[in-house]
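A.B. asks: Going line by line, the protein sequences match chains A and B.
For the first sequence, counting from 1, position 76 maps to 75 in numbering that gives the first Met the number 0; every step adds exactly one.
For the second sequence, counting from 1, position 168 maps to 167 in numbering that gives the first Met the number 0; every step adds exactly one.
Ideal Cβ positions, reconstructed from N, Cα and C, are used throughout, including at glycine.
Please see the structure below; I have some questions.
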Amino acid sequence: MKLNRDVQAYPLSSKMLKEDFVIQSEIRRILIRTNINYTKFNFGTVKGVVYLRGLFQISHHRSDEDEEKIKELTVKTLYSFEKKVRSTPGVSDVIFQFINWRKERGQWVPIEPKKKKEEDEEKKDPNL
Amino acid sequence: MRRKRIPIYKRILNEIEQEIRIHPDYADLHNQLGLLLMGEKELERAEGNFLEAIRLNRKYGEAILNLGYLYIQMKRWKEAEKIFFSEAKRHPEDGLLHYVLGILYLQTGRRKKGITRIRKAIQNHPAYGDYDQKKGIGKRGAFHIDQKTEKVIKKISLNHHYAQFHNFVGLYLAKKGKSIQAIREMKKAARLKPDEFLFHANLGTVYYHQGTYRKAIQEYKKALKIDPLFGMGYANLSYIYGLVRRTGEALRYMEKAVQINPKYADLHYNLALLYSDRKRYREAVTELKKALRINPNYLFARINLGVLYEDQKKWKEAEREYRRILQITPEDEHVRRRLERIS
């Protein structure tokens, strides 16, 4: 069996630090007590590693607020949410797989729909 | 019954009116506006909105009943009777509908029919027998009609309406994140109709979201005592017990939730986590497989399944699950690394 040292950041030990169900309940608690619209994404816990997947959006913002303000608030919410999830007892790593936001060199950046489309096309056409 | 004119009610009413201007075809909004207008004693406008809600959705039971109770308040007995008769026919197990219908019959001089209905209500819901005795309508199986009858029926109608009203205001405030005010409103609703499971369930949810777990547990248990088939109540109890680290109880309630809602993949997933945490791997695998049968694209369930297979040194099975995940999400580096590690 091949062992890859790079994967150490992602704990593969079968020894568990905390119970996954407790972590899962904690994440649910964090979500319901924030301004995140958690109906658009799913989350799961695998041996202390929290997975979040789907569309990240905030709720409770006024409908007349401009796009920039919403974006700014979303970034703030993402940082605070990430901090809360990472500091949950038993959480060893968090994997964000949002379709509209990603972490790049420590910064949360939006994934533009156009950019995403281009990326998808790049994957389809290896000559590009 | 007099309601204090609290500014928040008026504010919510204005907001709903604005929403209706944007979405005139939402039956829910018309029903909510009807409730709020009843609270403001604008009965004709309330009637218009309930009728509009029913026109938009002919099977909208809540709006139909609200209209029935409104007719009682307006002393339009015949119209109220028509509504309660058809609703009691649709829901023969609902004691309250028979009770209100019985009182309506007594009110309009049809004693025999009235008594039959009230007996039916007491049969379905023995508490109404005590209520009758207390209010002086029924004594040792006999029923007396006097001025009190009208008062009783009005009180039932007002209680129903105000309970709905406070519950709606509570839900509205909870949605806005104002949990203290929401709880105050929902408590009023539960006091007016203590046997309504939904009010206790809603209160439980607001306490849960607020972080007052002991009270949340109490309210969910009250709701489940009234309606033992309220599956999400067991699930929420399980999550709360998880938060307070009482995983034995969490497991018991999640098993019950799954038993009642066997088609909810998420509940199977959570039950699998509880089994896996207790090293009951065989049962955990079974639950994850059930979750995946319901939703084959439930990626977390598949990752958990792969990891569980790894734990049991079932490398081939783990590899199979990871490959399936990569078919759905080829960009998942973490799963790819797991696969590389065991391949």
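Hey, how far is the Cα of residue 104 of chain A from the Cα of residue 206 of chain B?
C.D. replies: One-based indexing of the first sequence puts residue 104 of chain A at position 105. One-based indexing of the second sequence puts residue 206 of chain B at position 207. Cα to Cα, the separation comes out at about 39 Å.
A.B. asks: How should residue 44 of chain A be labelled, buried or exposed, when 16 other C-beta atoms within 10 angstroms of its C-beta is the threshold for buried?
C.D. replies: What you label residue 44 of chain A is simply residue 45 of the first sequence in a count that begins at 1. Residue 44 of chain A is buried by the Cβ-count criterion.
A.B. asks: Against chain B, which members of the region 15–36 of chain A pass a CB distance test of less than 7 Å?
C.D. replies: 18, 19, 20, 21, 23, 24, 25, 27, 28, 31, 32
A.B. asks: In the DSSP assignment, find the unbroken beta strand (DSSP E) run with residue 94 of chain A in it and report its ends.
C.D. replies: Residue 94 of chain A sits at position 95 when you count from the first residue of the first sequence. Counting along the chain, the beta strand (DSSP E) containing residue 94 of chain A begins and ends at 92–97.
A.B. asks: Give the DSSP bridge partners of residue 52 of chain A, in chain order.
C.D. replies: The residue you call residue 52 of chain A lines up with position 53 of the first sequence. BP columns for residue 52 of chain A point to A:41, A:96.
A.B. asks: I'd like to know if residue 46 of chain A contacts chain B, where contact means its C-beta is closer than 8 Å to some C-beta of that chain.
C.D. replies: Numbered from its first residue, the first sequence carries residue 46 of chain A at position 47. Output row for residue 46 of chain A: interface = yes.
A.B. asks: Using a cut-off of 8 Å between C-beta atoms, extract the partners of residue 101 of chain A located in chain B.
C.D. replies: On the first sequence, position 102 is the one that residue 101 of chain A refers to. Going along chain B, no residue has its Cβ under 8 Å from residue 101 of chain A, so there is no contact; the nearest lies around 11 Å.
A.B. asks: By the three-class DSSP mapping on this structure, what secondary structure does residue 319 of chain B have?
C.D. replies: For the purposes of this step, residue 319 of chain B is taken as the residue at position 320 of the second sequence. Residue state, collapsed to three classes: helix.
A.B. asks: How is residue 259 of chain B classed by DSSP in three states: helix, strand or coil?
C.D. replies: In the second sequence, the residue the question calls residue 259 of chain B occupies position 260. Reduced to three states, the DSSP call for residue 259 of chain B is helix.
A.B. asks: Verify the CB distance criterion: does residue 302 of chain B have a CB-CB separation below 8 Å to chain A?
C.D. replies: In the second sequence, residue 302 of chain B corresponds to position 303, counting from 1. Closer than 8 Å: yes.
A.B. asks: At which residues does the beta strand (DSSP E) containing residue 109 of chain A begin and terminate?
C.D. replies: Position 110 of the first sequence, counted from the start, is the residue given in the question as residue 109 of chain A. Element bounds for residue 109 of chain A: 106–109.
A.B. asks: Which of the three DSSP states, helix, strand or coil, is assigned to residue 103 of chain A?
C.D. replies: As a working mapping, residue 103 of chain A is identified with position 104 in the first sequence. Three-state DSSP puts residue 103 of chain A in a strand.
A.B. asks: Report back the beta-carbon spacing between residue 297 of chain B and residue 271 of chain B to the nearest angstrom; my notes put them in contact at under 8 Å.
C.D. replies: Within the second sequence, numbered from 1, the residue matching residue 297 of chain B stands at position 298. Within the second sequence, numbered from 1, the residue matching residue 271 of chain B stands at position 272. Contact flag wrong, Cβ pair sits at about 11 Å.
A.B. asks: Could you give the distance in angstroms between the alpha-carbon of residue 75 of chain B and the alpha-carbon of residue 54 of chain B?
C.D. replies: By one-based count along the second sequence, residue 75 of chain B stands at place 76. By one-based count along the second sequence, residue 54 of chain B stands at place 55. Answer to the nearest angstrom: the Cα atoms are 20 Å apart.
A.B. asks: Quick one: is residue 26 of chain A buried, meaning 16 or more other Cβ sit within 10 Å of its Cβ, or exposed?
C.D. replies: Counted from its first residue, the first sequence places residue 26 of chain A at position 27. So residue 26 of chain A ends up on the buried side.
A.B. asks: In the region 266–279 of chain B, which residues sit with their C-beta less than 8 Å from some C-beta in chain A, listed in chain order?
C.D. replies: Answer set for the region 266–279 of chain B: 268, 269, 272, 273, 275, 276.
A.B. asks: Can we say the region 208–216 of chain B touches the region 183–194 of chain B, given the rule of at least three CB pairs closer than 8 Å?
C.D. replies: no
A.B. asks: Sorted by chain position, which residues of the same chain lie with C-beta nearer than 6 Å to residue 58 of chain B's C-beta, five sequence neighbours on each side aside?
C.D. replies: Position 59 of the second sequence, counting from 1, holds the residue named residue 58 of chain B. So no residue of the chain qualifies.
A.B. asks: Can you name the start and end residues of the alpha helix (DSSP H) that residue 34 of chain B belongs to?
C.D. replies: Taking the first residue of the second sequence as 1, we reach residue 34 of chain B at position 35. Counting along the chain, the alpha helix (DSSP H) containing residue 34 of chain B begins and ends at 26–38.
A.B. asks: Which whole-angstrom value is the C-beta distance of residue 346 of chain B and residue 253 of chain B, which I expect to be below 8 Å?
C.D. replies: A query on residue 346 of chain B cannot be resolved here, the shown segment of chain B reaching from 0 to 342 and no further.
A.B. asks: Since residue 52 of chain A meets chain B, which of its residues come closer than 9 Å, beta carbon to beta carbon?
C.D. replies: Residue mapping note: residue 52 of chain A aligns to position 53 of the first sequence, counting from 1. Correct list: 298, 299, 328.
A.B. asks: Identify which residue in B:202, B:122, B:306, B:335 has its Cα closest to the Cα of residue 47 of chain A.
C.D. replies: Here residue 47 of chain A is taken as the residue at index 48 of the first sequence, counted from 1. The candidate whose alpha carbon is nearest that of residue 47 of chain A is B:306.
A.B. asks: Shortest alpha-carbon distance to residue 54 of chain A belongs to which of A:65, A:67, A:40?
C.D. replies: For the purposes of this step, residue 54 of chain A is identified with residue 55 of the first sequence, where counting begins at 1. When the alpha-carbon of residue 54 of chain A is set against those of A:65, A:67, A:40, the nearest one is in A:40.
A.B. asks: For residue 104 of chain B, which residues in chain A fall below 7 Å Cβ to Cβ?
C.D. replies: If you number the second sequence from 1, residue 104 of chain B lands on position 105. Annotation: residue 104 of chain B has no Cβ neighbours in chain A at a cutoff of 7 Å; minimum Cβ distance is about 46 Å.
A.B. asks: Using a Cβ-Cβ cut-off of 8 Å, state whether residue 115 of chain B counts as contacting chain A.
C.D. replies: What you label residue 115 of chain B is simply residue 116 of the second sequence in a count that begins at 1. Closer than 8 Å: no.
A.B. asks: Does any CB atom of chain A fall closer than 8 Å to the CB of residue 257 of chain B?
C.D. replies: Here residue 257 of chain B is taken as the residue at index 258 of the second sequence, counted from 1. Not closer than 8 Å to any Cβ of chain A, the Cβ of residue 257 of chain B fails to qualify, so no.
A.B. asks: Using a beta-carbon distance below 8 Å, is residue 246 of chain B in contact with chain A?
C.D. replies: Position 247 of the second sequence holds residue 246 of chain B. For residue 246 of chain B, the closest Cβ of chain A is nearer than 8 Å.
A.B. asks: Taking 8 Å as the threshold, find out whether the region 17–31 of chain A comes into contact with the region 239–251 of chain B through three or more Cβ pairs.
C.D. replies: yes
A.B. asks: How about residue 110 of chain A: is its C-beta nearer than 8 Å to some C-beta of chain B?
C.D. replies: Here residue 110 of chain A refers to the residue found at position 111 when the first sequence is read from its first residue. No, residue 110 of chain A lies away from the interface with chain B (no Cβ there is under 8 Å from its Cβ).
A.B. asks: Hey, is residue 249 of chain B's beta-carbon within less than 8 Å of any beta-carbon in chain A?
C.D. replies: Here residue 249 of chain B refers to the residue found at position 250 when the second sequence is read from its first residue. At least one chain A Cβ lies under 8 Å of residue 249 of chain B.
A.B. asks: Check the Cβ-Cβ distances between residue 284 of chain B and every residue of chain A, and say whether any is below 8 Å.
C.D. replies: Translated into the one-based positions of the second sequence, residue 284 of chain B becomes position 285. No - not a single Cβ of chain A is within 8 Å of the one on residue 284 of chain B.
A.B. asks: Would you tell me roughly how many angstroms separate the C-alpha atoms of residue 200 of chain B and residue 330 of chain B, rounded to the nearest one?
C.D. replies: Along the second sequence, one-based indexing puts residue 200 of chain B at 201. Along the second sequence, one-based indexing puts residue 330 of chain B at 331. Their Cα atoms are separated by approximately 41 Å.
A.B. asks: Is it the case that the Cβ atoms of residue 84 of chain B and residue 69 of chain B are separated by a distance below 8 Å?
C.D. replies: Taking the second sequence and counting its residues from 1, the one referred to as residue 84 of chain B is at position 85. Taking the second sequence and counting its residues from 1, the one referred to as residue 69 of chain B is at position 70. Taking 8 Å as the Cβ cut-off, residue 84 of chain B and residue 69 of chain B do not qualify as a contacting pair.
A.B. asks: With a cut-off of 8 Å on the beta carbons, I'd call residue 86 of chain B and residue 63 of chain B a contact; round off their distance for me.
C.D. replies: Counted from its first residue, the second sequence places residue 86 of chain B at position 87. Counted from its first residue, the second sequence places residue 63 of chain B at position 64. Right, their Cβ atoms sit about 6 Å apart.
A.B. asks: Residue 29 of chain B and residue 52 of chain B: beta carbons closer than 8 Å?
C.D. replies: The residue labelled residue 29 of chain B in the question sits at position 30 within the second sequence. The residue labelled residue 52 of chain B in the question sits at position 53 within the second sequence. One thing to note: residue 29 of chain B has its Cβ within 8 Å of the Cβ of residue 52 of chain B.
A.B. asks: Which residue's Cα is closest to the Cα of residue 168 of chain B: B:10, B:273, B:341?
C.D. replies: For the purposes of this step, residue 168 of chain B is taken as the residue at position 169 of the second sequence. When only C-alpha atoms are compared, the closest one is B:10.
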